[in-house]
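Below you'll find the structure, written out as structure tokens, and then a few comments.
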Amino acid sequence: MDNSNSQASLSARTPQDTFYDVVIVGAGAAGISVAASLLARRGMTRIALIDPAKTHYYQPGFTMIGGGIFTAKQVSRPMASLIPRGAKLIESAVSEFSPDDNQVVLENGQTISYRRLVVCPGIKLNWDAVEGLSDTLGRNGVTSNYRIDLAPYTWKLVTGMTSGRAVFTQPPMPIKCAGAPQKALYLSADHWRRSGLIDNIDIDFYNAGAVLFGVADYVPALQSYMDRYRANIHYTHNLVKVDGDNKRAWFATKDAAGNDVRVETEFDMLHVCPPQCAPEFIRNSPLADAAGWIDVDPSTLRHKRYTNVWGLGDAVNTANAKTAAAVRKQAPVVAANIVADIQGEAQSYQYDGYGSCPLTVERGKIVLAEFAYGGKLKPTLPTWILEGRQPTALAWHMKKSLLPALYWRGMLKGHELLVRPAKA
């Protein structure tokens with residue numbers, strides 16, 4: 002839908018403090034990166050970032066907190082300190098989209114108008130989708146590295162456990178960082194192995210999916226670590242209920258005859274990856290597809306119905322892995338296509354579905370999974386430097402030292418090392 006005529010008339014009658022060339026909903030990795038890349042290309046662009054959060058988190062570091070490697074302070078920055086110069090932060094949440102009128106409505110009722118809109122609010126962690134889970138998180142041995150306040154509790158449980166049963170869960174896709182549920186298991190088991198406790202602890206991995214990892218090339222290395230840690234893998238088992246006081250968990254699955262059944266297990270430690278979905282204000286908006294995700298073209302990331310809207314990050318309906326590495330590739334594509342649109346050019350810049358998942362299989366080694374649409378391997382470095390299908394110390398050092406610095410000082414600043422988009 003072309004709203005160019007309404008844009009012109011709107012800008013003439015709207016106060017400047019509520020009208021912007023580009024409005025970006027969400028100031029996470031995606032939103033800040035797009036703003037920085039846009040301003041690097043077209044510095045005079047009036048940009049507003051809308052996000053109620055006071056603190057910005059480097060979310061790939063959460064698993065490392067749960068493994069006793071990072072602290073919460075290392076992965077946190079004040080949100081206002083990261084907003085690119087030339088962009089304005091509006092500290093509010095969006096309650097409604099009116100794309101036919103080129104407007105978003107804030108929770109306080111204020112209307113913000115735009116010429117172009119970028120939507121990247123992230124994904125919703127749906128804790129309440131599992132019965133009893135919210136009531137016991139952070140106590141009774143129930144934890145999750147998906148929340149920064151709970152990740153330290155994960156490490157407390159791991160270091161305090163000398164025997165018993167440790168259960169790790171993974172819900173149905175899509176989820177952000179699909180390797181994170183496994184990473185929690187690997188780092189925990191590695192600690193128990195190094196401490197001489199691995200024989201005293203039963204490890205169970207309950208996976209709602211049917212495979213260990215969605216890209217088959219990486220499965221052999223990952224399976225070898227599951228075998229090393231003697232982890233019992235239960236496929237097509239989806240966590241549906243937790244009783245923290247009695248340390249019991251229930252999983253929905255099917256029996257040999259195909260009937261729906263529930264399987265119960267006890268635990269001493271339970272690490273949960275919660276079910277995930279698009280935020281409600283996205284699901285209930287005109288921007289959503291039938292499943293509730295932002296409906297974009299998988300290559301240009303332009304909305305399929307509203308031509309002055311783009312989406313990226315975890316809330317879009319593209320088939321890539323939902324990771325920060327995917328956002329790092331997506332943001333320059335969106336920025337370049339917006340500038341092309343401003344200049345009256347075609348949407349020539351293409352996203353190839355790249356995503357990366359550094360699977361931390363032990364302290365000091367990582368299987369660096371890099372792939373694009375269709376599971377096609379997409380290594381950044383030549384295999385003679387880094388063979389991503391095998392655990393390497395180099396990938397560990399990249400994850401621990403290089404990637405955080407690249408995030409804070411590069412990606413969020415609009416520097417596009419190795420990801421500057423080219424025209425298709």
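Letter by letter, the sequence shown follows residues 2 to 425 of our numbering.
All residues carry an ideal CB built from backbone N, CA and C; glycine is no exception.
Task: Residue from W193, L407, L40 with nearest C-alpha to L158 - done: Here residue 158 is taken as the residue at index 157 of the sequence shown, counted from 1. Measuring from the Cα of L158, the nearest candidate turns out to be W193.
Task: Touching by the beta-carbon criterion (3+ pairs, under 8 Å), the region 176-194 and the region 322-332 - done: yes
Open item on the list: For a test of the three-state rule: what should DSSP assign to F206, helix, strand or coil?
Closed with: Within the sequence shown, numbered from 1, the residue matching residue 206 stands at position 205. Of the three classes helix, strand and coil, the one that applies to F206 here is strand, per DSSP.
Open item on the list: Checking 9 Å against the spacing of the C-beta atoms, do V53 and A88 come in under that value?
Closed with: Counting from 1 along the sequence shown, the entry for residue 53 is found at position 52. Counting from 1 along the sequence shown, the entry for residue 88 is found at position 87. It should be pointed out that residue 53 corresponds to Pro in this sequence rather than to Val. Cβ atoms of P53 and A88: not closer than 9 Å.
Task: Reference G123; option with closest CA among G356, Q348, G312 - done: Start at 1 with the first residue of the sequence shown, and residue 123 comes out as number 122. Among G356, Q348, G312, the Cα nearest to that of G123 is on G312.
- [ ] Leaving out five residues on either side along the sequence, give the residues of the same chain with a beta carbon under 7 Å from the beta carbon of W294.
- [x] On the sequence shown, position 293 is the one that residue 294 refers to. Taken in chain order, the residues that qualify are A279, A316, V317, N318.
Open item on the list: Spatial neighbours of A222 within its chain, please: C-beta separation below 7 Å, excluding the five flanking residues on both sides.
Closed with: Locating residue 222 in the sequence shown gives position 221, where the first residue counts as 1. Counting only Cβ-Cβ distances below 7 Å, and skipping sequence neighbours, we find V368, R390, Q391, P392.
Open item on the list: By the DSSP assignment, the alpha helix (DSSP H) with T160 in it spans what residues?
Closed with: For the purposes of this step, residue 160 is taken as residue 159 along the sequence shown, with counting starting at 1. It spans 152-161 - the alpha helix (DSSP H) in which T160 sits, taken as one unbroken run.
Task: Touch test, the region 369-383 against the region 71-79, Cβ-Cβ under 8 Å, three pairs minimum - done: no
TODO: Could you pull out every residue in the same chain whose Cβ sits closer than 7 Å to the Cβ of T112, ignoring the five residues on either side in sequence?
DONE: Residue mapping note: residue 112 aligns to position 111 of the sequence shown, counting from 1. Excluding positions up to five away in sequence, the list reads T19, Q104, V106.
Open item on the list: With three or more beta-carbon pairs closer than 8 Å as the criterion, would you say the region 391-405 touches the region 330-338?
Closed with: They do not touch, by the three-pair rule.
Open item on the list: By the three-class DSSP mapping on this structure, what secondary structure does E417 have?
Closed with: Position 416 of the sequence shown holds residue 417. Here E417 sits in coil by DSSP.
Open item on the list: So, at 6 Å on beta carbons, what are the nonlocal neighbours of N233 in its own chain, with the 5 sequence-adjacent residues on each side left out?
Closed with: Working through the sequence shown from its first residue, we reach residue 233 at position 232. Here the set comprises D205.
TODO: Determine the contact status of A257 and T64, defining contact as a CB-CB distance below 9 Å.
DONE: Here residue 257 is taken as the residue at index 256 of the sequence shown, counted from 1. Here residue 64 is taken as the residue at index 63 of the sequence shown, counted from 1. In this structure, T64 does not lie closer than 9 Å to A257 by Cβ.
- [ ] Can you tell me which of L382, A332, W385 puts its alpha carbon nearest to the alpha carbon of A411?
- [x] Walking along the sequence shown from the start, residue 411 turns up at place 410. Rather than Ala, the amino acid found at residue 411 in this sequence is Gly. Nearest C-alpha to G411: A332.
Task: Span separating the alpha-carbon of V212 from that of P153 - done: Sequence index remark: in the sequence shown, residue 212 carries index 211 (1-based). Sequence index remark: in the sequence shown, residue 153 carries index 152 (1-based). Using only the alpha carbons, I get a separation of about 29 Å.
TODO: Classify E346 as buried or exposed, calling it buried when 16 or more other Cβ atoms lie within 10 Å of its own Cβ.
DONE: On the sequence shown, position 345 is the one that residue 346 refers to. Under this definition E346 is an exposed residue.
Open item on the list: Going by DSSP in three states, F268 sits in which element: helix, strand or coil?
Closed with: Within the sequence shown, residue 268 is the residue found at index 267, counting from 1. Taken through DSSP and simplified to helix, strand or coil, F268 comes out as coil.
Open item on the list: Quick check: the Cα distance between S10 and A28, rounded to an integer number of angstroms?
Closed with: Looking up residue 10 in the sequence shown gives position 9. Looking up residue 28 in the sequence shown gives position 27. Any reading at S10 must be qualified, since the residue scores a pLDDT of 43, below 50, and its modelled position is unreliable; no value is offered.
TODO: Could you tell me how far apart the beta carbons of N239 and P172 are, in whole angstroms, since I believe they sit closer than 8 Å?
DONE: As a working note, residue 239 is residue 238 in the sequence shown. As a working note, residue 172 is residue 171 in the sequence shown. With a Cβ gap of about 6 Å, N239 and P172 count as contacting.
Task: Bridge partners - D22, DSSP secondary structure assignment - done: For the purposes of this step, residue 22 is taken as the residue at position 21 of the sequence shown. None; D22 has no bridge partner.
Open item on the list: Quick check for students: name the residue ranges of the alpha helix (DSSP H) that lie wholly in the region 250-296, counting only runs of 4 or more.
Closed with: 281-284
Open item on the list: Residues in the same chain with beta-carbon distance under 7 Å from Y58, minus the five sequence neighbours each way, listed in chain order, please.
Closed with: Counting from 1 along the sequence shown, the entry for residue 58 is found at position 57. So the qualifying residues of the chain are V76, S77, I149.
Open item on the list: For Y303 and L118, what's the separation of their Cα atoms in angstroms?
Closed with: Numbered from its first residue, the sequence shown carries residue 303 at position 302. Numbered from its first residue, the sequence shown carries residue 118 at position 117. Residue 303 is actually Arg in this sequence, not Tyr. If I take the Cα positions, the gap works out to 10 Å.
Task: Beta-carbon gap between A36 and Y115 smaller than 9 Å - done: As a first step, residue 36 is located in the sequence shown; it is residue number 35 there, counting from the start. As a first step, residue 115 is located in the sequence shown; it is residue number 114 there, counting from the start. In this structure, Y115 does not lie closer than 9 Å to A36 by Cβ.
Open item on the list: Does K329 pass the burial test, meaning 16 or more other C-beta atoms within 10 Å, or should it be called exposed?
Closed with: Walking along the sequence shown from the start, residue 329 turns up at place 328. Correcting the residue identity first, residue 329 is Arg in this sequence and not Lys. By the 10 Å Cβ count, R329 comes out buried.
TODO: List the residues that DSSP assigns as beta-bridge partners of W311.
DONE: As a first step, residue 311 must be located in the sequence shown, where it is residue number 310. V119, R303, per the DSSP bridge assignment.
Task: Straight-line gap, R42 to G259 (C-alpha atoms, nearest Å) - done: Counting from one through the sequence shown, the residue named residue 42 turns up at place 41. Counting from one through the sequence shown, the residue named residue 259 turns up at place 258. Spanning the two alpha carbons is a distance of roughly 56 Å.
TODO: Assign E417 to one of two classes, buried (16 or more other C-beta atoms within 10 Å of its C-beta) or exposed (fewer than that).
DONE: Position 416 of the sequence shown, counted from the start, is the residue given in the question as residue 417. E417 is buried by the Cβ-count criterion.
Task: Rounded straight-line distance, which links the Cα of W156 to that of V362 - done: Position 361 of the sequence shown, counted from the first residue, corresponds to residue 362. Position 155 of the sequence shown, counted from the first residue, corresponds to residue 156. Approximately 16 Å, taken between the alpha carbons.
TODO: Could you tell me the distance, in whole angstroms, from the CA atom of Y138 to the CA atom of R47?
DONE: Here residue 138 corresponds to residue number 137 of the sequence shown, with the count starting at 1. Here residue 47 corresponds to residue number 46 of the sequence shown, with the count starting at 1. First, the amino acid is wrong: residue 138 is Leu here, not Tyr. Between L138 and R47, the C-alpha separation is close to 42 Å.
Task: Beta-carbon spacing of V120, V273 below 9 Å - done: For the purposes of this step, residue 120 is identified with residue 119 of the sequence shown, where counting begins at 1. For the purposes of this step, residue 273 is identified with residue 272 of the sequence shown, where counting begins at 1. Cβ distance not < 9 Å, so V120 and V273 don't count as in contact.
TODO: Measure the C-alpha to C-alpha separation of D228 and K125 and round it to an integer number of angstroms.
DONE: In the sequence shown, counting from the first residue as 1, residue 228 sits at position 227. In the sequence shown, counting from the first residue as 1, residue 125 sits at position 124. Between D228 and K125, the C-alpha separation is close to 33 Å.
- [ ] Assuming T144 contacts N201 (C-beta within less than 8 Å), just tell me the rounded distance between them.
- [x] Numbered from its first residue, the sequence shown carries residue 144 at position 143. Numbered from its first residue, the sequence shown carries residue 201 at position 200. About 20 Å separates the two Cβ atoms, so there is no contact after all.
TODO: Just tell me which of I283, M270, L387 has its CA closest to the CA of R249.
DONE: To locate residue 249, count along the sequence shown from 1; it is residue 248. The shortest Cα separation from R249 among I283, M270, L387 belongs to M270.
Open item on the list: Short of 8 Å in beta carbon distance, which residues of its chain neighbour I33, apart from the five on each side in sequence? Order them along the chain.
Closed with: The residue you call residue 33 lines up with position 32 of the sequence shown. For I33, where only same-chain residues beyond five positions count, the Cβ hits under 8 Å are L50, H57, L83, I84, P85, L413.
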